[in-house]
Amino acid sequence: MEPSAQPKDKFSDPQVTAKGERRAWVDLTALKTLWFNTGTLCNLTCANCYIESSPKNDALVYLTYDEICTYLDEIERDRIPTEEIGITGGEPFMNPDIIKIIEECLQRGFKLLVLTNAMLPMQRKKISEPLLALKERYGDQMTIRVSVDHFNQDMHEQERGAKSWAPMIKGLKWLSDNGFTIDIAGRTRWGEKEDELRDGFATLFKKEDVAIDAYNKRELVLFPEMDETVEVPEITTACWDILGARPDDMMCSSSRMVVKRKGADKPAVLACTLLAYDKEFELGATLKEADKSVLLNHHHCAKFCVLGGGSCSVID
Ligand code: SF4
Ligand code: SF4
Numbered sequence: 001m002e003p004s005a006q007p008k009d010k011f012s013d014p015q016v017t018a019k020g021e022r023r024a025w026v027d028l029t030a031l032k033t034l035w036f037n038t039g040t041l042c043n044l045t046c047a048n049c050y051i052e053s054s055p056k057n058d059a060l061v062y063l064t065y066d067e068i069c070t071y072l073d074e075i076e077r078d079r080i081p082t083e084e085i086g087i088t089g090g091e092p093f094m095n096p097d098i099i100k101i102i103e104e105c106l107q108r109g110f111k112l113l114v115l116t117n118a119m120l121p122m123q124r125k126k127i128s129e130p131l132l133a134l135k136e137r138y139g140d141q142m143t144i145r146v147s148v149d150h151f152n153q154d155m156h157e158q159e160r161g162a163k164s165w166a167p168m169i170k171g172l173k174w175l176s177d178n179g180f181t182i183d184i185a186g187r188t189r190w191g192e193k194e195d196e197l198r199d200g201f202a203t204l205f206k207k208e209d210v211a212i213d214a215y216n217k218r219e220l221v222l223f224p225e226m227d228e229t230v231e232v233p234e235i236t237t238a239c240w241d242i243l244g245a246r247p248d249d250m251m252c253s254s255s256r257m258v259v260k261r262k263g264a265d266k267p268a269v270l271a272c273t274l275l276a277y278d279k280e281f282e283l284g285a286t287l288k289e290a291d292k293s294v295l296l297n298h299h300h301c302a303k304f305c306v307l308g309g310g311s312c313s314v315i316d
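Using this note's numbering, the first residue of the sequence shown is number 1, and each one after it goes up by one.
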């Protein structure tokens, strides 16, 4: 008699789940949003940074202006229907080419979303002055998304570290006072109800005179946590109907992220912003090569996207 097959671990086989069912996948329907991770270096070391950024982590090195232009050229040349560019890090305002990169995206007509902690890297004169000039020129074509984990200073600093509150408030007020289009990325990790969180943020924005509507889900985006220790089911092709979810609602159906790994000779295109270190989600060097289906073989696919309903397009 043949020995029986060993049970598989969850998320071990890209095609099949531990129970032997066909794993769900997501097709790229249209590349609407292209993200650039401009590098993992950051001025902070947040407790739950999904990409483990810190002042020392350069696992994803700075993308250069020329590297970014290669992808913008590919969009133009191949008439890819990309409408929006997202810029994330690390702290993007630490990238030496960041102003040139922002300007290039804007002058090519893309909507632009820049994720930042709004602290010192953004507040340096050599950044804030040209950034303001770009805002004057391009107006609300550019949105700056500021991470404010919680409306309460202690909670925010639990996540971001001591003395991280006042510089963030200073940067946020500067953006608001100067008429930037801003929104906020908050976290739900402390377990309050959404209404309570929005009420708390509304009070903060009123107190600090910051022009953000905390009850507008686009202006205050609340992100669930991505805790890899929580047990989650694997997503099979049958799950879409059972859960009432659709592959087209997943970020990887309409976006990709470009990164450059330390030591690599060129950047790589990943399935989404959430899985920067998992080689299985590296799809190629060009946007064309990355135009393929993504098998949902990761804990985050289940927890954050399919079950959590996270709008992954905008996490810092
Ligand atoms: S969450 Fe944002 S600010 Fe915090 S370490 Fe990560 S990249 Fe830096
Ligand atoms: S984490 Fe979400 S966006 Fe990324 S590949 Fe999985 S389902 Fe797609």
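Don't be surprised by glycine CBs; every beta carbon is placed ideally from N, CA and C.
- prompt: Out of curiosity, what's the CA-to-CA distance linking glutamate 289 and serine 255?
  reply: 14 Å
query: For ligand 2, which residues have a Cβ under 7 Å from at least one heavy atom, in chain order?
result: With the cut-off at 7 Å, the residues found are Val26, Met250, Met251, Cys252, Ala271, Cys272, Leu274, Leu275, Phe281, Val294, Leu296, His298, His300, Cys301, Phe304, Cys305, Val306, Cys312.
query: Between which two residues does the beta strand (DSSP E) carrying glycine 186 extend?
result: 181–187
task: With a threshold of 7 Å, establish whether the CB of asparagine 152 neighbours any heavy atom of ligand 1.
output: no
message: Looking at ligand 1, does it come within less than 7 Å of isoleucine 51, judged from the CB to the closest heavy atom?
response: yes
Buried versus exposed call for threonine 229 [16 or more other C-beta atoms within 10 Å across all chains shown]: exposed
- request: Measure the C-alpha to C-alpha separation of glycine 308 and alanine 238 and round it to an integer number of angstroms.
  value: 17 Å
- prompt: Going along the chain, which unbroken runs of the alpha helix (DSSP H) with 4 or more residues stay wholly within the segment 11–99?
  reply: Unbroken alpha helix (DSSP H) stretches of 4 residues or longer found wholly inside the segment 11–99: 65–77, given in chain order.
field: Contact test: glutamate 91 Cβ vs ligand 1 heavy atom, cutoff 7 Å
entry: A heavy atom of ligand 1 is found nearer than 7 Å to the CB of glutamate 91.
- prompt: Short check: CB of leucine 112 to CB of cysteine 105, under 8 Å?
  reply: yes
message: Check this for me: beta carbons of isoleucine 75 and isoleucine 99, under 8 Å apart or not?
response: In this structure, isoleucine 99 does not lie closer than 8 Å to isoleucine 75 by Cβ.
- prompt: Start and end of the beta strand (DSSP E) containing lysine 111?
  reply: 111–116
task: Answer yes if the segment 63–82 comes into contact with the segment 211–230, meaning at least three C-beta pairs across the two stretches below 8 Å, and no otherwise.
output: When Cβ pairs closer than 8 Å are counted between the two stretches, the segment 211–230 is seen not to touch the segment 63–82, the count staying below three.
field: Simplified DSSP assignment, three categories, for leucine 148
entry: Correcting the residue type first, residue 148 is valine in the shown sequence and not leucine. DSSP places valine 148 in coil when its eight states are reduced to three.
query: Cβ of leucine 41 within 8 Å of Cβ of methionine 94?
result: yes
- prompt: Can you tell me whether DSSP reads glycine 284 as helix, strand or coil?
  reply: strand
query: leucine 283 and alanine 271: beta carbons closer than 8 Å?
result: yes
message: Beta-carbon within less than 8 Å of asparagine 178's beta-carbon, same chain only, minus the 5 sequence neighbours each way: which residues are those?
response: Same-chain partners within the cutoff: Leu132, Lys135.
- prompt: Less than 7 Å between the CB of arginine 23 and some heavy atom of ligand 1, yes or no?
  reply: no
query: Does ligand 1 have even one heavy atom less than 7 Å from the beta-carbon of threonine 45?
result: yes
message: Going by the DSSP bridge assignment, what does alanine 268 pair with across the sheet?
response: Val259
query: Does ligand 1 have a heavy atom nearer than 7 Å to the CB of asparagine 37?
result: no
Identity of the residue in Val259, Pro267, Glu231 nearest cysteine 301 by Cα: Residue Glu231 is the option with its Cα nearest to cysteine 301.
- request: Find the nearest neighbour of valine 26 within the set Ile85, Asn216, Val269, Thr236, judged by alpha-carbon distance.
  value: Thr236
query: How is the beta strand (DSSP E) around leucine 131 delimited, first residue to last?
result: Segment 125–138 is the alpha helix (DSSP H) holding leucine 131; no beta strand (DSSP E) there.
- prompt: Any heavy atom of ligand 1 closer than 7 Å to the CB of arginine 187?
  reply: no
query: Is DSSP giving threonine 203 helix, strand or coil here?
result: helix
query: Taking aspartate 253 as the reference, which of Ile102, Arg218, Asp241, Cys305 has the closest Cα?
result: As written in the sequence, residue 253 is serine, which differs from the aspartate given in the question. Of Ile102, Arg218, Asp241, Cys305, the residue nearest in Cα terms is Cys305.
task: Return yes when the C-beta of serine 254 is under 7 Å from any heavy atom of ligand 1, and no when it is not.
output: no
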